[in-house]
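Protein chains in written order, with my numbering: chain A, 43 to 360; chain B, -3 to 285.
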């Protein structure tokens, strides 16, 4: 094992240790467990956006739609159909993933700026539906009441509703599963092909790779991951609301990915940590917090376009 | 029923004309600079509020001219100092940059002028309905359409007959060649951006007279403009014009039969266009794809 590999392994071990021990150390630095849970879920969403943006090189600016659909799918099932957390997650993931895949087939015909525009516009459709169809979705007030249900594992029952630490570990378990699936896909021949498309689409096309099909599959997979994160988000809040589908939410996710570092698998998670903590802090001290978030966008684009991890790597090399 | 339908079609055309004004500005910037200007709605709001502030001193007509010019000056400054820095980089960065600017403009408007809506008074003779039969046709609505028509005619002649206009169109097709011919592309882009923002500011003043002013009004008008561009076809200003009118009428007619879907219908229209003709109605294959 080379020194580089050893260092990488050590960093990943430290990351998982930090995540597993979070309920112990977070209160010491002024955090709380629920904040940790939110960071994990939004981090997973940012990683799903980056699955497409960072590894296929395709910019979707409407991914909040699939995130929000996941949340509504999960909430609607819990409210109207069955009192089961796993079924809720399944329903949300399927709803967002399948709709994403269907519309994706239309969207992947375009590229570049045009692709971004089409994804934004299609994302807004679901925002308006959630907003207008108030008999089903609760409209502007959001979908409630529904509650995440205790997990029945046969031999024991885990109460993730009352016990916030237990819920954190449940979300961490889901997060680990999704992250492992993403890493597995990226290491497969399919994942390598995605990176080939990102690096040089024309060359990949000349090698006989069906580009549209690959981008569509990557888009659909990313929608499924996104909807999975959205389902978890509904469980975090026991609430789903149209703003979760809005394009400004998509912008936040893209920002997390860029701020953390989009060429790195874990970058978006770091971005989500910084973004959520900053937003939490700034919105607690001023009502005009939006202007600071806007400034953050401008500053990151102008001075840290490679994100925090990219910046650190560059400094180390120099 | 007929009158209701007529009312909604006319209404749709008027709203469509309004989308056109906004979308053409966006389209100009997108074509020459390859930037999706998310802050376009923010500039619109600033235009409207500037007119509100200026109106007591220079009157409605003065504000109608001056506010868009001031907005365009702000636009030129933003382009020079911020947006021009991300030209040539991945479109991701210009998107995020203008997205952040949109936040700053909206919140800035709220800090300066307050979160409460403001009325923007229009001359009394424009506010009256033309007749009892056609109660929905106020003079102001016709005035809006006339202004849009005049501005469009001026813009298209400018692009068709003046040297700078021809350079802008040439730059849309092949910027490298235009630069190679010794034309200052940087200045051209700045000017073009200013023209686009002027149109946004003008939209803001006109919208203020019809709907009143609110800090969030720009964001709501941005999405239909995107759809207008996509339906019409990226790269074609004429397409944007048709696209804007088309989605205006489509949402007007839907409002008669199924009011709840009047906002969603334009996206359905977009999906149909993308399915049948991915490049958009008047888009050329190979443009910006």
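We put the CB at the ideal spot given by N, CA and C, even for glycine.
CB-CB length for residue i against residue j, believed under 8 angstroms
| i | j | result |
| --- | --- | --- |
| residue 115 of chain B | residue 30 of chain B | The pair is not a contact, with the Cβ atoms about 39 angstroms apart (cut-off 8 angstroms). |
| residue 232 of chain B | residue 278 of chain B | 4 angstroms |
| residue 223 of chain B | residue 4 of chain B | Rounded, the Cβ-Cβ distance is 19 angstroms, inconsistent with contact. |
| residue 267 of chain B | residue 111 of chain A | Actually they are not in contact, since the Cβ atoms of residue 267 of chain B and residue 111 of chain A sit about 16 angstroms apart, beyond 8 angstroms. |
| residue 303 of chain A | residue 349 of chain A | 3 angstroms |
| residue 32 of chain B | residue 93 of chain B | So it is not a contact: roughly 10 angstroms between Cβ atoms. |
| residue 102 of chain B | residue 6 of chain B | Residue 102 of chain B to residue 6 of chain B, Cβ: 31 angstroms. No contact. |
| residue 270 of chain B | residue 151 of chain A | 7 angstroms |
| residue 97 of chain A | residue 228 of chain A | 6 angstroms |
| residue 276 of chain B | residue 229 of chain B | 3 angstroms |
| residue 321 of chain A | residue 219 of chain B | The Cβ separation is near 24 angstroms, so there is no contact. |
Chain A contact for residue i (CB, 8 angstroms cutoff)
| i | result |
| --- | --- |
| residue 30 of chain B | yes |
| residue 11 of chain B | no |
| residue 16 of chain B | no |
| residue 109 of chain B | no |
| residue 100 of chain B | yes |
| residue 228 of chain B | no |
| residue 103 of chain B | yes |
| residue 154 of chain B | no |
| residue 96 of chain B | yes |
| residue 171 of chain B | no |
| residue 7 of chain B | no |
| residue 3 of chain B | no |
| residue 138 of chain B | no |
| residue 93 of chain B | yes |
Endpoints, the alpha helix (DSSP H) within which residue i is located
| i | result |
| --- | --- |
| residue 211 of chain A | 206 to 229 |
| residue 299 of chain A | 289 to 302 |
| residue 5 of chain B | -2 to 29 |
| residue 189 of chain B | 181 to 207 |
| residue 213 of chain B | 213 to 228 |
| residue 118 of chain B | First-last for residue 118 of chain B: undefined, no H or E at that position. |
| residue 189 of chain A | Taken as a continuous stretch (DSSP letters only), residue 189 of chain A belongs to no alpha helix (DSSP H), as it is neither H nor E. |
| residue 103 of chain B | 87 to 109 |
| residue 161 of chain A | 154 to 174 |
| residue 161 of chain B | 159 to 169 |
| residue 128 of chain A | 127 to 149 |
| residue 64 of chain A | 64 to 67 |
Any chain B beta carbon closer than 8 angstroms to residue i
| i | result |
| --- | --- |
| residue 297 of chain A | yes |
| residue 339 of chain A | yes |
| residue 162 of chain A | yes |
| residue 159 of chain A | yes |
| residue 315 of chain A | no |
| residue 253 of chain A | no |
| residue 218 of chain A | no |
| residue 171 of chain A | yes |
| residue 300 of chain A | yes |
| residue 343 of chain A | yes |
| residue 50 of chain A | no |
Proximity of residue i and residue j at Cβ, strictly below 8 angstroms
| i | j | result |
| --- | --- | --- |
| residue 60 of chain A | residue 101 of chain A | no |
| residue 221 of chain B | residue 63 of chain B | no |
| residue 135 of chain A | residue 226 of chain A | no |
| residue 137 of chain A | residue 260 of chain A | no |
| residue 191 of chain A | residue 203 of chain A | yes |
| residue 173 of chain A | residue 117 of chain A | no |
| residue 104 of chain A | residue 164 of chain A | yes |
| residue 104 of chain B | residue 190 of chain B | no |
| residue 90 of chain A | residue 268 of chain A | yes |
| residue 265 of chain A | residue 181 of chain A | no |
| residue 96 of chain B | residue 336 of chain A | yes |
| residue 184 of chain A | residue 282 of chain A | yes |
| residue 346 of chain A | residue 339 of chain A | no |
| residue 13 of chain B | residue 107 of chain B | no |
| residue 135 of chain B | residue 123 of chain B | yes |
Closer than 9 angstroms, Cβ to Cβ, to anything on chain B: give me those residues from the stretch 93 to 106 of chain A, in chain order. 95, 99, 101 and 103
Taking only beta carbons into account, state which residues of the stretch 70 to 89 of chain A come closer than 8 angstroms to chain B, listed in chain order. none
Pull out every residue of the stretch 263 to 283 of chain B whose Cβ sits closer than 7 angstroms to any Cβ of chain A, in chain order. 263, 266, 267, 270, 271 and 274
Between the stretch 345 to 356 of chain A and chain B, which residues of the former have a C-beta closer than 7 angstroms to a C-beta of the latter? 347
Chain A contacts made by the stretch 64 to 90 of chain B, where a contact means CB separation under 9 angstroms: 78, 81, 82, 85, 86, 87, 88, 89 and 90
So if I threshold CB-CB distances at 7 angstroms, which residues from the stretch 317 to 336 of chain A count as touching chain B? 330, 332, 333, 335 and 336
For the stretch 283 to 296 of chain A, which residues have a beta carbon sitting closer than 7 angstroms to at least one beta carbon of chain B? 293 and 296
Output needed in chain order: residues of the stretch 242 to 261 of chain B with a Cβ under 7 angstroms from some Cβ in chain A. 256, 259 and 260
Quick one, which residues of the stretch 265 to 284 of chain A are near chain B if we go by CB-CB under 8 angstroms, in chain order? none
Cβ-based contacts, 7 angstroms cut-off: residues of the stretch 209 to 222 of chain B near chain A: 219 and 222
Can you list, in chain order, the residues of the stretch 133 to 158 of chain A whose Cβ is nearer than 7 angstroms to any Cβ on chain B? 148, 151, 152, 153, 154, 155, 156 and 158
Return the residues of the stretch 165 to 191 of chain A that lie within a Cβ-Cβ distance of less than 8 angstroms from chain B, sorted by chain order. 166, 167, 170, 171, 174 and 175
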